[in-house]
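Just so we're on the same page, this note's numbering is the position in the sequence shown counted from 1, plus 800. The structure under discussion appears below in the form of structure tokens.
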Amino acid sequence: MEKQTTPKSEKRSVIPALLQLFFSLVVLGGGIAIATYYLKSAPEAKPRKREPNPLTVQVESAKYTTHQVIISAMGTILPVREITLTSRVKGEVVEVSEHLVPGGFIDKGKRLLTIDPIDYKLSLLQHTSDVAKAKSDLALEMGNQLIARKEFEILGEKPSDDEKQLMLRQPHLDQKKATLRGAEAKLDQAELNLKRTRIDAPFNTVILSRSVNIGSQISETTPLVRLAGTDEFWLKLSVPLEQLQWIHIPDNNSSTGSKVKIIVHENRKNQGIRTGKVLRLAPDLEGQGRMAVLYVSIHDPLCRLAENTGKPKLLIGSYVKAEIDGIQLESAVAIKRTHIHDSDTLWIFSENNTLTTRKVNITFKNRDYVFITSGILEGERFITSPLSAPVKGTAVKLRQSPDSRDHSDNLEGSSRKTGSRMETKQ
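Take a look at the structure:
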């Protein structure tokens, strides 16, 4: 017979299981509560504040010195005197100078060419004869006048003034005098025409082109030769209006013009130097660029004088670079343009080793340098290192390098190369 389980026995088996589950939950809850308490009551670890590392930079020291302003410009070489000679008489060209070729040099007063003078010599002889005849006729008439005067005195009459002039042959005498003056004038013209058959150089000249040769038949006003004077050329320069204040210009702001250095590139490797002087400021602006026009005088541009032997020649129409010596800045600091920020700001290395910014007064600038006359003290250091995002007050320190130099060393090196000249380019 099977033994049957009663409800009372089942109840007794469930109670211990529930008690075990209850105590387990109590223990687990207590552990969680204790862990939570310790987590919340534990002291927080405060993070250490780390000081930022100073930026390592290079600096230069400001040094006030005298600087020569140099204005660079480009321009074209022009002849001062360029003319086309024409004939004053007609005839055949019978002689031409061996130097009458393009590029040939002929000194003032030397013969260029000769027109056949035979006809003009004959004309001169004819008019010489006419003058001699007129003089003879005048002498005869003066003799006749003496005879008429004696006859008038013998008669003792008292005619009117008009009758007296006729009796003394005064009209005849006036006619002979007029004939003589006319003959002498024609003789002078014949002499002048004969001289005009020889055409000489009006000044020291170089031949640009010629239009005639031996055997050419020419008439009055026929163009013969085009030439230019060699004593002086002009350099026509275009200069921005704001740069005129730095240039000495005669009859404008100075009695003498600024010196000008003309750089001539003879080939890709070599370049030569010529000198000139500012002559005048043109009264009108250049048409396209609205720039001022300066004329520079250059003596002996084609090196005809012994003192210029070996120097580069300045050819008409050449486009050359010029450097104009301007006004001197008596006290200015030269700083590379790359060290200027926001057009007029320097990064200063302050005494407390932090970066500060300062606006400065830029008086003059060129392609490589700016020249400051105020805004920084003598010996004050400014930062030359490139910084990506500088912030005012940033800690900085000097870079220790055997190659580091102060600004005076850099400027002296630049002076040796440029002659302590401040150059500006258009």
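Glycine residues also receive a C-beta, built at the ideal position from the N, C-alpha and C atoms.
Can you check which of these residues, the options, is closest to residue i by C-alpha distance?
| i | options | result |
| --- | --- | --- |
| F1149 | E860, V826 and L821 | E860 |
| P788 | N993, L900, L1146 and V931 | Residue 788 is absent from the structure shown; the chain starts at 801 and stops at 1226. |
| V889 | R998, V896 and P1040 | R998 |
| V1093 | P1040, I1127 and K1113 | P1040 |
| R1199 | G1057, G1193 and S1185 | S1185 |
| G1076 | K1121, I883, I834 and L922 | K1121 |
| D1129 | S1097, T1138 and W1046 | According to the sequence as given, residue 1129 is Leu; it is not Asp. The candidate whose alpha carbon is nearest that of L1129 is W1046. |
| K935 | V896, A983 and V894 | A983 |
| I1014 | A835, L912, T1173 and S1131 | L912 |
| I1018 | S887, L1044, N1108 and I1127 | S887 |
| I1172 | V1064, T1194, V880 and D1144 | D1144 |
| G1057 | L1008, K921 and I1127 | I1127 |
| K1016 | D937, E892 and L940 | With the sequence shown as reference, residue 1016 is identified as Ser, and Lys is not the correct amino acid for it. Here the closest residue by C-alpha is E892. |
| Q1088 | S1038, S1097, V1133 and Q926 | S1038 |
| L1085 | S897, E1042 and L1146 | E1042 |
| E1241 | E941, I1007 and H927 | In the structure as shown, the chain begins at 801 and stops at 1226. Residue 1241 is therefore absent and cannot be evaluated. |
| T928 | I1183, S897, K1192 and D988 | D988 |
| S872 | S1188, T1022, G831 and I1062 | I1062 |
| Y1095 | Y837, I832, G829 and V880 | V880 |
| P971 | L925, A985, M942 and T865 | M942 |
If you reduce the DSSP assignment to three classes, tell me which class residue i lands in.
| i | result |
| --- | --- |
| E802 | With a pLDDT of 46 at E802, under the threshold of 50, the modelled position of this residue cannot be trusted; read the value that follows with caution. DSSP places E802 in coil when its eight states are reduced to three. |
| M874 | strand |
| T856 | strand |
| Q1088 | coil |
| E898 | coil |
| S1188 | coil |
| I815 | helix |
| L1114 | coil |
| A927 | Note on identity: in this sequence residue 927 is His, with Ala being the wrong assignment. In this structure, H927 counts as helix in the three-state DSSP scheme. |
| H1207 | Confidence at H1207 is low in this model, with a pLDDT of 46, below 50, so its placement is unreliable and no value can be given for it. |
| P917 | coil |
| D937 | helix |
| V880 | coil |
| Y864 | coil |
| T1075 | strand |
| V1259 | Because the chain here runs from 801 to 1226, residue 1259 falls outside it and cannot be looked at. |
| K950 | helix |
| F1182 | strand |
| V1039 | strand |
| T836 | helix |
| Q989 | helix |
| H1139 | helix |
Count the other CB atoms within 10 Å of the CB of residue i; is the residue buried (16 or more) or exposed (fewer)?
| i | result |
| --- | --- |
| I1140 | buried |
| S1055 | exposed |
| H1099 | exposed |
| K933 | exposed |
| R1010 | buried |
| K976 | buried |
| Q1071 | exposed |
| A990 | buried |
| H867 | buried |
| I1135 | buried |
| V826 | exposed |
| L1177 | exposed |
| F822 | exposed |
| I947 | exposed |
| L940 | exposed |
| A1132 | buried |
| Y1119 | exposed |
Do residue i and residue j have their CB atoms nearer than 7 angstroms?
| i | j | result |
| --- | --- | --- |
| I870 | E1123 | yes |
| V1196 | L855 | yes |
| A1001 | K910 | yes |
| P1112 | L1155 | no |
| T884 | R1026 | yes |
| E1180 | A862 | yes |
| L980 | Q945 | no |
| L1035 | G875 | yes |
| K908 | F1003 | yes |
| N780 | S1174 | For residue 780 there is no data in the structure shown, the boundaries of the chain being 801 and 1226. |
| T1157 | K1192 | yes |
| I1116 | W1147 | no |
| I1073 | T1005 | no |
| D761 | K1059 | Beyond the ends of the chain as shown, which are 801 and 1226, falls residue 761; an answer cannot be given. |
So is residue i in contact with chain B if we call contact Cβ pairs under 7 angstroms?
| i | result |
| --- | --- |
| K1059 | This model lacks chain B altogether, as it is built from one protein chain only. |
Using 8 angstroms as the threshold, is the region 1017 to 1033 in touch with the region 1101 to 1116, meaning 3 or more CB pairs across them?
Yes, the region 1017 to 1033 touches the region 1101 to 1116.
Do the region 1074 to 1091 and the region 1050 to 1065 touch if we need at least three Cβ pairs shorter than 8 angstroms?
yes
With a cut-off of 8 angstroms, do at least 3 Cβ pairs link the region 892 to 905 to the region 1163 to 1175?
Touching, no, given that fewer than three Cβ pairs across the two stretches are closer than 8 angstroms.
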